[in-house]
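Peer 1: As given, the protein sequences belong to chains E and U, one line each in that order.
Residues 1 to 285 (full-length UniProt numbering) are what the first sequence spells out, left to right.
Residues 1 to 329 (full-length UniProt numbering) are what the second sequence spells out, left to right.
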Amino acid sequence: MNSSGSIRFHYVLRAVILLAFALYIGHLVQQDALHYYVAPKLARWIRLCPVPLSLMALSLGLQAVLGRSSALCDCEHRLPRSLLGSSALYSLFLLPLLLGFLLPDRALGSAAAAKKGLALSYTAVESGTGASFTAANPYEAEFAELAGQLYRQPVIPVFPEIFSETLGALNLYKSQFEGKEISVSGFLYREPQGAGRSGYAVSRFLVQCCTADATPFGILLAPGAQISLPADTWIEVRGKLHVTLHEGVETLQIAPQSITAVAAPSTPYVYTNADAAAAWKELQP
Amino acid sequence: MTTFTPFKILPLLFSAAFLLTAGSLWLPGHLSLLDNGYVDTFKTAFLGILLEALPFVLLGALLSSLLRVFVPDELISRWIPRRAVPAILFGCLLGILFPVCECGMIPLVRRLMHKGMPLYVAIVFILSGPILNPVVYGATLTAFRSHPELAYTRMGLAFAVAACIGLIIYGTVRRSPLRLSIRREGSEEPHGTLRGGRAAAVLVHTSDEFFEMGKFLIIGCLLTAGIQTFMNQSSLSAIGDRPLGSYVFMMGLAFALSLCSTSDAFVASTFLHTFPSGALLAFMVLGPMLDFKNALMLLSLFKTRFALYLFFLIAAAVFTGSVLASFWL
């Protein structure tokens, strides 16, 4: 058991660390950088965290400064007793804070996409067969409706709000979208060298909960395209859709007519949408 | 007895100051080392997982402290059915009421056990809670739009695995496998003497739990972020080419990636064309029950022998269950 003096010392240290965590989250919120790490639906909860964190720090500080020595006891949760143990414990907690404050916030890019492997089709879609946009089962109804809307456009726009759903709908009925014109923006992804193929793709990360589950989604650019831009540049691609065989699987490709560099968007990732068809209607001017 | 006085930290401050000076002299010349894709990816993945888990850990710690301060001992044990089978069903249903991510689970379960929840019910709750809840069911259905049967099977298999392990533990484990750090008797004296009364007591306990669990969480996040940054998933998937290899590979991946149970279905769906659906099922059932950060937290809660026994049971049950389920799918 620790003496009351050392318990006070531990409490002060812990209060400082808790406050630092609260400050770091506040800093992320203020810089509007929380979306680099977690999806918006989770960010709501993280924004609330500084409240309990600072209350905890306050009550620890209160015990450390004003607490009666007899009431200070680490009987249930043992505090580390050796100097080594304490410094190991607290440096572990300082590590995320240091990383967070010292290094700039950056979105995931090509390097991460290469490790995770670029996904070229959204969900498990058995390629659509019918002549019209009919859903094979109720779960595809939303995609069928969206595909019908997309088909009527002279140039298919890919809105970031429904990025993954749009790609999913295109993939489901890929044979019918053959030759249609499309306009899509994302970061330029280059297949890693030595993989036996040197293709380009326009891609975005789909985030469900946090960056741990980020999945890179994209459309391949046809092999002949001459691209001088470096990887990770944000680009807008316009071109025609074609179905080709990529590693033995029928895949949509864009034969680009124009590739222009654009400014990076304020939210680099895309998120899933519960009702893509309704979102499409809202996005129409 | 060693004491920890502020004076003893002085030598540590010297070395810290030295490292700081050396670092600040050395760094400007080598900034390019920090400025590459790996560091960025590592930082983004590490803080992403940590921030994601933070609200759940705080919630779990807070619930646990509220239980400790306000709920009298043995009250919980009165609610739990006496006989094994209804008690196991109760443990599974508890997950529907508390849709907590697995990271918030451990402090809560620890306190519930302290208040008289039997071991096997607690294990069933730990295993089924992160999967058997409406949020995860919805997320799985969305990810597998064209294969809704995978979502049903996931729920069913999670229930079966949790119930089986609960029964096995009920039958085989007699002595409490809890680590000594939570003693059952004597430590539950009222903390009215703390400054600030009961509210302050709740907050002090919450922060104790936070630091207790936080260290395992941070180590788990570090390992996971390292794996995410340096492991090449597509080249590894070649291992999974053989029929049973794919099960082992997907289970290993679930353990290493430490995804949240609400989002792993999505990652699994990107493997649909590469692996049989039984292997995806194994991925989605094992991940929430057992992964890096979870395993470390379980090791802090239980004695090592029991924890290893539990890991073995989980892996074996999920493997058998998903192979059996694949015949039906």
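For every residue, glycine included, the Cβ atom is placed at its ideal position computed from N, Cα and C.
Predicted, not measured: the structure shown is a model, and the values here were computed from it.
Run through the DSSP bridge pairs and tell me what Lys-240 (chain E) is partnered with.
Peer 2: E:Glu-181, E:Ala-255
Peer 1: Output yes or no for whether 9 Å exceeds the beta carbon distance between Ile-162 (chain E) and Ile-254 (chain E).
Peer 2: no
Peer 1: Taking just the CA atoms, how far does Leu-296 (chain U) sit from Ser-258 (chain U)?
Peer 2: 12 Å
Peer 1: Would Thr-267 (chain E) pass as an interface residue toward chain U - the criterion being a Cβ-Cβ separation below 9 Å?
Peer 2: no
Peer 1: Determine which residues of the segment 296-311 of chain U have a Cβ less than 7 Å from any Cβ of chain E, and write them out in chain order.
Peer 2: none
Peer 1: Between the Cα of Asn-133 (chain U) and the Cα atoms of U:Leu-97, U:Leu-119, U:Phe-210, which residue gives the shortest distance?
Peer 2: U:Leu-97
Peer 1: What are the boundary residues of the beta strand (DSSP E) that Gly-129 (chain U) is part of?
Peer 2: Careful: Gly-129 (chain U) lies outside any beta strand (DSSP E) and carries neither H nor E.
Peer 1: Identify every residue that forms a DSSP beta bridge with residue 287 (chain E).
Peer 2: The structure shown does not extend to residue 287 (chain E), since chain E spans only 1 to 285, so no value can be given for it.
Peer 1: Answer yes or no: does any C-beta atom of chain E fall closer than 9 Å to that of Tyr-152 (chain U)?
Peer 2: It does not: the Cβ of Tyr-152 (chain U) has no partner Cβ on chain E nearer than 9 Å.
Peer 1: Alpha carbon to alpha carbon, how far is Ala-261 (chain E) from Ala-222 (chain E)?
Peer 2: 18 Å
Peer 1: So what does DSSP say about Glu-212 (chain U), is it helix, strand or coil?
Peer 2: helix
Peer 1: So, are the CB atoms of Phe-230 (chain U) and Tyr-38 (chain U) less than 9 Å apart?
Peer 2: yes
Peer 1: Output needed for Phe-311 (chain U): all residues of its chain with C-beta closer than 7 Å, excluding positions within five of it in sequence on either side, in chain order.
Peer 2: Leu-290, Ala-295
Peer 1: Where Phe-187 (chain E) and Ala-87 (chain U) are concerned, what is the direct C-alpha to C-alpha distance, given to the nearest angstrom?
Peer 2: 52 Å
Peer 1: What's the call for Thr-21 (chain U), buried or exposed, on a 16-neighbour Cβ count within 10 Å?
Peer 2: exposed
Peer 1: How many angstroms separate the CA atom of Ser-207 (chain U) from the CA atom of Pro-96 (chain E)?
Peer 2: 18 Å
Peer 1: Measure the C-alpha to C-alpha separation of Gly-192 (chain U) and Ala-201 (chain U) and round it to an integer number of angstroms.
Peer 2: Here Gly-192 (chain U) scores only 46 on pLDDT, less than 50, and its place in the model is too uncertain to base an answer on.
Peer 1: Going by beta-carbon coordinates alone, are Leu-167 (chain U) and Tyr-137 (chain U) separated by less than 9 Å?
Peer 2: no
Peer 1: If the cut-off is 7 Å on Cβ atoms, which residues from the segment 275-291 of chain U count as contacting chain E, listed in chain order?
Peer 2: none
Peer 1: Give the C-beta separation of Leu-103 (chain E) and Lys-43 (chain U) to the nearest angstrom, bearing in mind that I take them to be a contact with Cβ-Cβ under 8 Å.
Peer 2: 5 Å
Peer 1: Report yes if the C-beta distance between Phe-271 (chain U) and Ala-265 (chain U) is below 9 Å; otherwise report no.
Peer 2: No, the Cβ-Cβ distance between Phe-271 (chain U) and Ala-265 (chain U) is not below 9 Å.
Peer 1: Whole angstroms is fine: what's the gap from Asp-32 (chain E)'s alpha carbon to Ala-39 (chain E)'s?
Peer 2: 13 Å
Peer 1: Need the endpoints of the beta strand (DSSP E) that Ile-156 (chain E) sits in, please.
Peer 2: 155-157
Peer 1: Closest Cβ-Cβ distance between Gln-153 (chain E) and chain U: below 9 Å?
Peer 2: no
Peer 1: Please state whether the Cβ-Cβ distance between Arg-110 (chain U) and Leu-301 (chain U) is less than 9 Å.
Peer 2: In contact: Arg-110 (chain U) and Leu-301 (chain U) (Cβ atoms closer than 9 Å).
Peer 1: Got a sec: is the Cβ-Cβ distance from Tyr-38 (chain U) to anything in chain E below 9 Å?
Peer 2: With respect to chain E, the C-beta atom of Tyr-38 (chain U) has a partner C-beta closer than 9 Å.
Peer 1: Around the C-beta of Asn-273 (chain E), are 16 or more other C-beta atoms found within 10 angstroms, so that it is buried, or is it exposed?
Peer 2: buried
Peer 1: Label Trp-280 (chain E) either buried or exposed according to how many other C-beta atoms from any shown protein chain fall within 10 Å of its C-beta, with 16 as the threshold for buried.
Peer 2: buried
Peer 1: Would Ile-254 (chain E) pass as an interface residue toward chain A - the criterion being a Cβ-Cβ separation below 9 Å?
Peer 2: Here chain A cannot be found, since the structure's protein chains are E and U.
Peer 1: Applying the criterion that 16 or more other CB atoms from any shown protein chain within 10 Å of the CB defines a buried residue, is Phe-70 (chain U) buried or exposed?
Peer 2: exposed
Peer 1: If we count Cβ pairs, one from each stretch, closer than 8 Å, do we get three or more for the segment 59-70 of chain E versus the segment 12-19 of chain E?
Peer 2: yes
Peer 1: Taking Cβ to Cβ, would you say Lys-268 (chain E) is nearer than 9 Å to Arg-190 (chain E)?
Peer 2: One point to set straight first is that residue 268 (chain E) is Pro, not Lys, in the sequence displayed. For the pair Pro-268 (chain E) and Arg-190 (chain E), the CB atoms are not nearer than the 9 Å cut-off.
Peer 1: Under the criterion of a Cβ to heavy atom distance below 8 Å, does Lys-115 (chain E) qualify as lining the ligand COA?
Peer 2: The model on display carries no ligand, and the ligand COA is accordingly not part of it.
Peer 1: Return the CA-CA distance between Ala-147 (chain E) and Leu-172 (chain E), expressed in angstroms with no decimal places.
Peer 2: 8 Å
Peer 1: Between Tyr-173 (chain E) and chain U, is the shortest Cβ-Cβ distance under 9 Å, so that the two count as touching?
Peer 2: no
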